[in-house]
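Enquirer:
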Ligand code: SAH
Ligand code: SF4
Ligand code: F3S
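Numbering (our numbering), first residue to last: 22 to 461.
1. Following a CB-centred definition, is residue 358 positioned closer than 7 Å to any heavy atom of the ligand SAH?
2. How far does the alpha helix (DSSP H) with residue 82 in it extend, from its first residue to its last?
3. Quick one: is the Cβ of residue 73 within less than 7 Å of any heavy atom of the ligand SAH?
4. Taking DSSP's pairing of strands, which residues face residue 105 in a bridge?
5. Does DSSP classify residue 238 as helix, strand or coil?
6. Is it true that the segment 189-209 meets the segment 76-93, where meeting means three or more beta-carbon pairs spaced less than 8 Å apart?
7. According to the neighbour-count rule (16 or more other Cβ atoms, all chains shown, within 10 Å of its Cβ), is residue 142 buried or exposed?
8. Regarding residue 175 and the ligand F3S, is the C-beta to nearest heavy atom distance less than 7 Å?
9. Would you mind listing the beta strand (DSSP E) stretches within the segment 325-405 that are 3+ residues and don't spill past its ends, in chain order?
10. Within this structure, are the beta carbons of residue 121 and residue 100 separated by less than 8 Å?
11. Tell me residue 218's beta-bridge partners as DSSP assigns them.
12. For residue 318 and residue 289, I'd like the C-alpha separation in whole angstroms.
13. Quick one: Cα of residue 255 to Cα of residue 171, how far?
14. Identify the continuous alpha helix (DSSP H) that holds residue 303 and give its terminal residues.
15. Would you say residue 33 touches the ligand F3S, meaning its beta carbon is less than 7 Å from a heavy atom?
16. For residue 398 versus residue 342, is the C-beta distance shorter than 8 Å?
17. Would residue 388 and residue 349 be called neighbours here (beta carbons separated by less than 8 Å)?
18. Excluding the 5 residues flanking residue 132 on each side, which residues of the same chain have their C-beta closer than 7 Å to its C-beta?
19. Short of 6 Å in beta carbon distance, which residues of its chain neighbour residue 33, apart from the five on each side in sequence? Order them along the chain.
20. Could you give the first and the last residue of the continuous beta strand (DSSP E) run that contains residue 447?
21. Under the rule that 16 or more other beta-carbon atoms within 10 Å means buried, what is residue 334, buried or exposed?
22. Start and end of the alpha helix (DSSP H) containing residue 207?
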């Protein structure tokens with residue numbers, strides 16, 4: 022039988038990138054090959070994100086474009102999968118432009134849905150699961166250079182931060198069997214990969230129990246780091262309330278666990294943190310930062326910040342600026358608060374910070390971070406780093422680029438190394454985004 026062609030666009034977080042690799046794997050077993058050319062596709066999928074309203078608006082725009090593609094060709098199916106599928110369910114079918122809707126725990130069922138879907142007969146599966154981790158599925162790797170891969174270690178989230186839609190779109194938290202994680206990492210290592218990033222919404226609450234005992238995230242990190250000293254290990258995302266001394270000490274004890282922790286603060290104001298239901302205080306957060314700095318003075322700390330959450334005052338906003346300054350973040354993802362239907366905040370607190378105030382506060386946050394990022398890079402000038410080479414730099418074919426353990430992008434003239442090699446470099450100068458280096 023002829024194999025068909027599947028085209029997928031991926032939106033949202035790294036988890037979705039990893040899920041797209043799982044979907045390709047499931048669909049490959051059922052007669053579908055990957056295409057990057059939408060005009061060749063028999064099935065078009067968008068793996069979607071609901072985290073902010075603008076993420077969803079962008080996808081509605083794509084659905085309209087897919088509809089035009091369908092009108093021209095007739096014989097193509099359009100599916101919406103992922104978080105937006107889970108959040109909007111049948112409402113997506115009401116657009117009349119979508120043939121398949123599948124939530125994040127329904128991907129094993131995708132081949133059946135695709136088979137059954139016909140124009141006018143859309144198919145939907147948005148069941149969430151307490152067990153599904155796709156543990157047995159070997160993802161089809163979509164990274165370009167065969168150097169760095171994502172490995173999903175858990176799914177869902179049990180935290181219910183008041184602004185956040187993820188617990189509703191991804192369901193309850195569940196951890197994946199550590200044996201399947203280590204096996205996947207061993208396979209990646211054998212295939213020549215040099216870096217894995219362990220993924221979960223709150224990796225610090227990873228927990229597995231079996232007859233052989235229990236495995237927490239620090240234990241898992243040790244198991245993965247032991248696969249090979251040549252294999253770098255990263256992870257994301259840490260939750261400040263759960264990041265333990267044991268984890269920080271485990272990191273410090275291994276050279277191949279990268280010196281970078283993504284530790285989203287969201288706000289520097291205790292009043293806002295309480296309202297956001299983050300379940301830590303500014304003081305607790307700063308204590309975690311102090312512990313990280315004590316064990317690993319060279320560790321980068323990055324963050325997420327939300328500007329203009331419900332009832333945020335100028336005072337609260339200043340607390341956010343001051344905690345950013347105090348920590349001196351190496352990098353930050355910064356957002357305006359976007360109300361998500363159904364969340365605790367949407368039900369209980371008015372979205373009352375005027376848009377122009379949100380924008381102004383966000384701009385102040387971005388401006389501050391630009392300075393902090395540049396200062397952080399300047400502190401690295403003169404230092405020597407071991408860089409994992411990714412490929413040619415964007416600027417010039419005579420230059421390579423790669424990341425240091427602290428996740429900073431380094432560029433350097435080099436004709437010897439290849440993607441996947443380690444290179445020692447010295448930092449000569451920097452921009453706000455890049456360390457300019459030479460080989461040593
Ligand atoms: N699990 C991670 C975050 C995942 S969502 C954690 O707890 O840190 C990624 C980021 O999107 C969040 O850290 C937050 O900064 C942002 N975000 C989530 N919901 C948002 C909303 N309703 N409006 C604006 N930003 C939001
Ligand atoms: Fe959302 Fe909070 Fe869970 Fe992160 S920890 S995914 S912000 S509910
Ligand atoms: Fe990720 Fe967006 Fe879903 S951030 S978990 S794809 S809502």
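All residues carry an ideal CB built from backbone N, CA and C; glycine is no exception. Since this is a predicted model, take the numbers as computed values, not measurements.
Expert: In short, the structure shows the following:
1. Within the cutoff, so yes.
2. Residues 74-94.
3. Yes; taking the cut-off as 7 Å, the Cβ of residue 73 has a heavy atom of the ligand SAH nearer than that.
4. In DSSP, residue 105 forms no bridge with anything.
5. Correct three-state label for residue 238: helix.
6. No, the segment 189-209 is not in contact with the segment 76-93.
7. Exposed: under 16 other Cβ atoms inside 10 Å.
8. Shortest gap from the CB of residue 175 to any heavy atom of the ligand F3S: 7 Å or more.
9. Counting only runs of 3 or more, we get 352-357.
10. In this structure, residue 121 sits near residue 100, with a CB-CB distance shorter than 8 Å.
11. Within the DSSP secondary-structure output, residue 218 pairs in a beta bridge with 171, 255.
12. Approximately 22 Å, taken between the alpha carbons.
13. Answer to the nearest angstrom: the Cα atoms are 9 Å apart.
14. Segment 303-316, the alpha helix (DSSP H) holding residue 303.
15. It does: the Cβ of residue 33 is within 7 Å (strictly closer) of some heavy atom of the ligand F3S.
16. No. Outside cutoff.
17. No.
18. Here the set comprises 47, 48, 51.
19. Correct list, in chain order: 70.
20. First-last of the beta strand (DSSP E) with residue 447: 443-451.
21. Exposure of residue 334 is indicated by the presence of fewer than 16 other C-beta atoms within 10 angstroms of its C-beta.
22. Unbroken alpha helix (DSSP H) run through residue 207: 199-211.
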